[in-house]
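The UniProt record's numbering applies: residue 1 is where the sequence shown begins, and numbers increase by one.
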Amino acid sequence: MSRPALLFDLDGTLLDTDPLHHKAFVSVFAERGRGLDIEEYKTRIIGKPNAQIMAEYFPGEETRHAEIAEIKESRFRDLLGGRADPTAGIHALLDWAERERIGTAVVTNAPRVNAEAMLAAAGLAERLTLLLIGEECPRPKPDPLPYRMAMEALGATPARSVAFEDSPSGLRAARAAGAHVFGLTSSLSPETLRGAGAHEIIDDFTAPALWSYLDALVARDA
């Protein structure tokens, strides 16, 4: 029997970083004479890989897409700083996963340098060591491939995998990969999360609904 797996998105799931990303994007957009309000950020940018964002917003600057993206990400890291509070309950959840010998991975569209900076700032770098980076996969989220690759690396089947996401693209990817998906309300409404594929909605990792599901998951192994 395959073992269960816990698969975590990063931005907005393990850390509430969307306000910082929005602020970094606003500065880049302002230099090009346009604005970006928070609602547009949530509906058109959140969770998407940089290549897609650059293509949609800067169609006349193809040769500078990588440069623009790096400027934005550098500003985000400056705003992040060296320390950040992770989402409530994550350490207890990882303690439980270690006791139950359940595999864990981070599945994110963030660039690796960002992912490593965020995990270090939140004190999670030594606890979550398997990183599936979207731009390093043949296809990033919303394609399910990064989640499928994480399951394979952990020796888990979709039916025994639990994913945590906060964006429509991530939710669609996890759901298409066959995982049981919890949507976190860090940025979007429960209705939006359900519409994108979340099976259940939680505010953080202390939610009773999450622990009830996990208890039932391991009980099947007993």
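The beta carbon of each residue, even a glycine, is placed where N, CA and C say it ideally should be.
Terminal residues of the beta strand (DSSP E) in which residue i lies
| i | result |
| --- | --- |
| glycine 103 | 103-108 |
| glutamate 200 | 200-202 |
| leucine 6 | 5-8 |
Nearest-angstrom beta carbon gap, residue j and residue i [assumed within contact, 8 angstroms]
| i | j | result |
| --- | --- | --- |
| valine 106 | leucine 131 | 5 angstroms |
| methionine 151 | serine 167 | Going by Cβ atoms, the distance from methionine 151 to serine 167 rounds to 20 angstroms, so no, they are not a contact pair. |
| alanine 69 | asparagine 50 | 4 angstroms |
| isoleucine 53 | aspartate 18 | With 8 angstroms as the limit, isoleucine 53 and aspartate 18 do not qualify as a contact, their Cβ atoms being about 14 angstroms apart. |
| serine 169 | lysine 48 | 6 angstroms |
Beta carbon of residue i nearer than 8 angstroms to that of residue j
| i | j | result |
| --- | --- | --- |
| leucine 217 | alanine 198 | no |
| threonine 43 | phenylalanine 164 | no |
| leucine 15 | alanine 66 | no |
| isoleucine 71 | valine 28 | yes |
| tyrosine 41 | phenylalanine 58 | no |
| glutamate 135 | proline 158 | no |
| alanine 177 | arginine 139 | no |
| leucine 10 | alanine 179 | no |
| isoleucine 133 | threonine 108 | yes |
Spatially closest choice to residue i from the options, by CA coordinates
| i | options | result |
| --- | --- | --- |
| phenylalanine 76 | Pro138, Gly12, His22, Phe29 | His22 |
| isoleucine 102 | Glu61, Asp166, Glu73, Leu154 | Leu154 |
| serine 186 | Arg194, Asp204, Ala179 | Asp204 |
| tryptophan 96 | Trp211, Arg220, Ile53 | Trp211 |
| glutamate 73 | Leu124, Leu20, Ala174 | Leu20 |
| glutamate 126 | Leu184, Asp215, Leu94, Glu200 | Leu94 |
| alanine 207 | Ala92, Arg3, Gly35 | Ala92 |
| arginine 175 | Glu56, Ala196, Ala117 | Ala196 |
| glutamate 98 | Glu39, Ala5, Glu62 | Ala5 |
| alanine 120 | Pro142, Pro86, Glu100 | Pro86 |
Delimiting residues of the alpha helix (DSSP H) encompassing residue i
| i | result |
| --- | --- |
| histidine 180 | Premise fails: histidine 180 lies in the beta strand (DSSP E), 180-184, not in any alpha helix (DSSP H). |
| serine 212 | 208-219 |
| glutamate 56 | 50-57 |
| phenylalanine 25 | 18-30 |
(message) Extract the residue ranges of the alpha helix (DSSP H) inside the region 75-158, only unbroken runs of 4 or more that lie entirely within it.
(response) 90-100, 112-121, 145-154
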